[in-house]
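Read left to right, the sequence shown gives residues 1 to 189 (full-length UniProt numbering).
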Amino acid sequence: MNRIFFNIQRTFNTNSEEQNAIRNAARIKHLAKNEIFLREGDVCKSIGLIEKGSMRLYYDSPEKEVCNDFFFENSVVGSFASFLTEMPSIVSIAAIEDCEIILFEKSDLFLLIQKYPSLKRLADFILQEQFLRAEKREEALLKFSPEKRFKNLLEEHPKIFKRVPLHYVASYLNITPETLSRYRTRFLV
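Shown next, in the form of C-alpha cells:
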C-alpha cells in the first residue's frame, strides 16, 4: 500500500494533511485470481489503484469474450464511463493474478476534492491518463498491423507473457492464438 501513496506524494507534492486524508478515504481490497472486480451490468461505484497483481477488462458477447485492456501495478482500474455517469457498466473487470487494490468510493473522492481543492489535480490526471490510454488503444486497433501491436505490447509490458495467459493476450491483440504463437517464436529470443 505504501508504493501507491509514495507515488501520489512524489508526483503531486501532497502535504501530510492531504496524504492522511487520502489514506483515510482509501479501502484495501484483496482479489483472488479470476475473481471479478466489476461485472457487466453493475454500476462502478469505486476506482482502484493496483498495489499488487494484474487485472483485465473485457467485453462478454454471445460469440466470445474480448479482452480490451490490462492493468498492472500502479494502474488505475475501473469502468470510468460507469463511474462518472452512474450507469451500468458495459465491461467486466477481473483479476488475472491475486491482487491488492486501494479503492476509493466516488463520494469519498468528491469529499476529498471539496476539502482539498489541490487534489483535483490528481483526479484530473487520472481522467487524462484514462482518456489518453483509450485513444492509444483505439489507434492501435485501427491503424497498426497485428505484428506492430504485438511489438508495442512487448515494449510496454516486457513481462506480460510471464503474467498473463496467452489467450487473453491474443484476444487483446485481436489475433488468433496461433498467430500469437508465431509472433512469440519469431520475436522472443
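Beta carbons: idealized from backbone N, C-alpha and C, even for Gly.
Cα-Cα separation between residue i and residue j, rounded to whole angstroms
i	j	result
R121	R186	43 Å
R56	Q19	29 Å
F127	V76	Residue 127 is actually Leu in this sequence, not Phe. Rounded to whole angstroms, L127 to V76 spans 10 Å at the Cα level.
R182	I175	11 Å
residue 191	I113	In the structure as shown, the chain begins at 1 and stops at 189. Residue 191 is therefore absent and cannot be evaluated.
N68	Y172	5 Å
K136	E73	19 Å
E65	L109	32 Å
F37	I102	12 Å
I8	T14	7 Å
P165	K115	43 Å
P177	A170	5 Å
C99	F71	11 Å
L153	R184	12 Å
H167	S16	44 Å
P88	A123	22 Å
S79	K143	25 Å
F150	E139	14 Å
K162	R10	30 Å
Three-state secondary structure (DSSP) of residue i
i	result
Y172	helix
Y59	strand
D124	helix
H157	coil
L142	helix
F187	helix
F71	strand
R27	strand
E18	helix
E129	helix
N13	coil
P117	helix
I32	For clarity, residue 32 is Ala in the given sequence; the question names Ile instead. Here A32 sits in coil by DSSP.
S54	coil
P165	coil
Residues that residue i bridges to, as DSSP identifies them
i	result
G48	V77 and L103
V66	Y59
L38	I93
V43	P88
CB contact below 7 Å: residue i versus chain C
i	result
K151	This model lacks chain C altogether; it includes just one protein chain.
message: Going residue by residue through the segment 84-113, where are the continuous beta strand (DSSP E) segments of at least 3 residues, counting only ones entirely within it?
response: 92-95 and 99-105
query: So, do the segment 26-35 and the segment 61-81 have three or more beta carbon pairs nearer to each other than 8 Å?
result: no
- request: Inspect the CB distances between the segment 86-94 and the segment 129-141 and report whether three or more fall short of 8 Å.
  value: In short, these stretches do not touch, since the Cβ pair count stays below three.
message: Counting beta carbon pairs with one atom in the segment 36-51 and one in the segment 76-83, are three or more of them shorter than 8 Å?
response: yes
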